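Working notes, beginning with the structure itself.
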Amino acid sequence: MRLEVDIRLPLDRFDLEVELKAEGPVTGIFGPSGSGKSSLLETVAGLRRGATGTVRLGDRVWLDSAAGVCLRPEARDVGFVPQDSLLFPHLDVRRNLLAGAGRARRNGGSPEALLGQVCELLELGPLLARDVSSLSGGERRRVALGRALCSGPRLLLLDEPLASLDLPLRRRLLPLLRRLRSELTTPMLLVSHDPIEVQALCDEMIVLRDGVAVARGEPHRLLADPRVFALAEEAFENVLPARHLRREASTSVLRLGEADGGVELITLASSVEIGAEVLVGLPSSEIVLATERPVGLSARNVADQRRGGGDDARRARHRPGQRRLPGDQGDVVPALRRRLKRVRQAPPATGCPGG
Amino acid sequence: MTPALLSALLVSLRVAVVATLLVGVPAIFLGYALARWEFHGKRILSVLVGLPLVLPPTAVGFLLLRLLAVDGPLGRDTLGFDLGLLLTWKAAALAAGLMSLPLVARTARVTFEGVDPRLETMARTLGHRRSATFFRFTLPLAAKGLSAALILGFTRALGEFGATVTVAGNIPGRTRTLASAIFSAQQGGDTRAAGLLMIVALVVGVAAIASAELLAPGRQRTEIR
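Line by line, the protein sequences are chains P and F.
Count along the first sequence from 1, then add 4; that gives the number in our numbering.
Count along the second sequence from 1, then add 94; that gives the number in our numbering.
Listed below in structure tokens is the structure:
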């Protein structure tokens, strides 16, 4: 189902002016905090007054200010997952999950069946009888996600689903989100300031700055642009698809990229089964560049750059019709190199996050 | 327990219960409106609702008396029939209710202000209309604080003297409440009876305040996360 947004909303510091056509399963809205991301999400959900323009999902019109149409939030059939979960403290987990059951039923769904499906998908079964106040941060997120899904939404709105969770929790939640992505037909709009999130989850994204979309396209490609990843507030981390090839003693060997011929990467032994598709996070702080093949270094992996270096790779990106791998070094290395250059040139006061 | 004491206790309880039932819903509604809505005259309404707290109870009683008097706006001459409230326990309940309304409305307002409005927003994105959101989410979330508000109102009505005695008098067996019975006993020099009545009032009051304490917002506030 196609989501079309073309809205204008006056905010305190600037006007939010966004045009967005989303067809992929997951569309990202990326940008620093205060760029209007959450306002955009709330406008789509119908929670913001004063928005003008249009919001359409498929053949349903949610907002058309010229025609005087503005559906109330309860009539829009969105599943909204706010950053702080906002679970109902007076209900247990099960009743939280069923808080939107009425709508699911009105839309012809069966809340009980939906509940079973969602519990399995998000591994919520053991939590059902729990009190909301006893849940951990990660559990709260899963319940909030489950509650939205159990209401039978036509569009899922996720506001920073992984923000402020620590690494082990992210590790647990990210695969669940990827599973949702592949098993659900509900389109999703995901707001994030985290490059990891958008790279791992989004098919395409728009980059928002001061209420205006400054770039749009495929996340890996956009994040190779220094102007885009400079907007990320956390240390930049490349997220690359890989396959688990084999285990050796205390290490695992992964192959980066989606096809054969990519770089092999040695990591600490992974418990993931052999042959499985995984995502590898490669923080920029863990990468060292050298003009010659280094020796006597503690680095676990040494990957040869494509001959011709960054300039060649940069040129290659603009060659039309070329098959590109998101994990291709051509994407990553020039970006990092430019970033390093930027850090070196940047005056100390403006410093670069994670640099 | 003497029959006179028992009757005073029963009249007091009847007056307080009816007063609470009478003002409970309007006061909670007022509290919600003051907590959540922006409208013209909100400040004026807020002041009016608080007025019975600061006026001498006898002044409120006098106002009510003028209102219900034969030639008053709600009297026989204006309406064409007699409401028959004055000098009955019903007038006492009305006066006691009026006196406890600000307490209930203010406590309700604070309670509603403590309910995260974004939880209500959340309920609406899950497909609930405004009214369903209020009854299925806002009210349950505010339940503890609202119960405490009602108990406070009840105790206020129970102890009310000035306004009730002005509109309902102090008729033994009919409109004599614990408060007016104590006054009469003390005025009549019956210290023992006054002391006994005081102890009964104390027991009822302590029980009510203790249950309000248990339910008060702040002890187990609705979690805003």
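Ideal placement from N, C-alpha and C gives every residue a C-beta, glycine not left out.
Please read all numbers here as calculations on a predicted model, not as lab measurements.
Inter-residue Cα distance where the pair is residue i and residue j
i: F:S225; j: F:A217; result: 11 Å
i: F:A287; j: F:G178; result: 32 Å
i: F:I245; j: P:L13; result: 46 Å
i: P:T189; j: P:L119; result: 17 Å
i: F:D165; j: F:F156; result: 14 Å
i: P:L227; j: P:N242; result: 9 Å
i: F:L147; j: F:G118; result: 16 Å
i: F:R223; j: P:F84; result: 16 Å
i: P:A108; j: P:R98; result: 15 Å
i: P:E164; j: P:V73; result: 29 Å
i: P:G28; j: P:G35; result: 19 Å
i: F:G299; j: F:F228; result: 32 Å
i: F:A186; j: P:H94; result: 38 Å
i: F:R170; j: F:L181; result: 15 Å
i: P:A236; j: P:S196; result: 9 Å
i: F:L142; j: P:L90; result: 36 Å
i: P:L159; j: P:A133; result: 28 Å
i: P:L102; j: P:R76; result: 21 Å
i: P:R174; j: F:Y126; result: 40 Å
i: F:S194; j: F:S140; result: 15 Å
i: P:F92; j: P:R182; result: 26 Å
i: F:A306; j: F:F248; result: 10 Å
i: F:L320; j: F:R250; result: Since the first residue shown for chain F is 95 and the last is 319, residue 320 of chain F is missing from the structure and cannot be characterised.
i: P:A70; j: P:G113; result: 33 Å
i: F:A243; j: F:F133; result: 24 Å
i: F:G253; j: F:D284; result: 20 Å
Same chain, Cβ closer than 7 Å to residue i, neighbours up to 5 away in sequence not counted
i: P:F18; result: D214 and G215
i: P:K41; result: I33, G35, V195 and L212
i: P:L184; result: L125
Residue i and residue j closer than 7 Å at C-beta
i: F:A121; j: F:V198; result: yes
i: P:V211; j: P:L161; result: no
i: P:R360; j: P:R259; result: Nothing can be reported for residue 360 of chain P: it is not among the residues displayed for chain P, which extend from 5 to 359.
i: P:L244; j: P:E201; result: no
i: P:S37; j: P:L15; result: no
i: F:L240; j: F:A202; result: yes
i: F:V154; j: F:T271; result: no
i: P:E222; j: P:E208; result: yes
i: P:L20; j: P:V9; result: no
i: P:N111; j: P:G156; result: yes
i: P:G78; j: F:G263; result: The sequence shown places Glu at residue 78 of chain P, not Gly. Their beta carbons are not under 7 Å apart, which means P:E78 does not touch F:G263 by this criterion.
i: P:V3; j: P:C154; result: The question about residue 3 of chain P has no answer here: the residues shown for chain P are numbered 5 through 359.
i: P:L360; j: P:L126; result: Lying before the first or after the last residue shown, residue 360 of chain P is absent from chain P, which here runs from 5 to 359.
i: F:T96; j: F:W183; result: no
8 Å Cβ shell around residue i - same chain, five flanking residues per side excluded
i: P:V292; result: P298, L301 and A303
i: F:V261; result: G155, L158, L159, L162, L179, L180, L181, A185, A186, L188 and A189
i: P:G313; result: Note that P:G313 scores 45 on pLDDT, short of 50, meaning its location in the model is unreliable; the coordinates nonetheless yield the value given after this. So no residue of the chain qualifies.
i: F:L291; result: L99, A102, L272, A275, I276 and A279
i: P:L128; result: V97, L101, V122, R146, V147 and G150
Cβ shell of residue i (< 6 Å), same chain only, five flanking positions each side left out
i: P:A55; result: I11, L13 and T47
i: F:D176; result: R170
Sequence ranges, alpha helix (DSSP H) only - wholly within the segment 90-168 of chain P, length at least 4: DSSP runs (the alpha helix (DSSP H)) wholly in the segment 90-168 of chain P: 97-101, 105-110, 115-126 and 141-154.
(request) Jot down the residue ranges of each uninterrupted alpha helix (DSSP H) in the segment 239-302 of chain F, minimum 4 residues, whole runs only, in chain order. (result) Listed in chain order, the alpha helix (DSSP H) elements of length 4 or more contained wholly in the segment 239-302 of chain F are 256-262 and 272-281.
Between the segment 178-197 of chain F and the segment 256-272 of chain F, can you find at least three pairs of beta-carbon atoms closer than 8 Å?
Counting Cβ pairs under 8 Å, three or more are found: they touch.
**Message:** Suppose only complete runs of 3+ residues qualify. What are the beta strand (DSSP E) ranges in the segment 184-252 of chain P, listed by chain order?
**Reply:** Fully enclosed beta strand (DSSP E) runs of 3 or longer: 192-196, 208-213, 216-221 and 241-252.
task = Report yes or no: do the segment 202-222 of chain F and the segment 232-242 of chain F share at least 3 C-beta pairs separated by less than 8 Å?
result = These segments touch.
Tell me whether the segment 139-146 of chain P and the segment 60-70 of chain P touch, counting them as touching only if at least three CB pairs, one residue from each stretch, are closer than 8 Å.
No, they do not touch.
ask   = Three or more C-beta pairs closer than 8 Å, one from the segment 297-306 of chain P and one from the segment 268-280 of chain P: is that the case here?
value = Touching, yes.
Uninterrupted beta strand (DSSP E) stretches inside the segment 265-306 of chain P (no shorter than 3 residues): Here the runs fully enclosed are 268-272 and 281-287.
Practice task
Pick out the complete beta strand (DSSP E) segments inside the segment 148-203 of chain F, 3 residues or longer, and give them in chain order.
Solution key: Listed in chain order, nothing qualifies, since the segment 148-203 of chain F has no complete beta strand (DSSP E) run of 3 or more residues.
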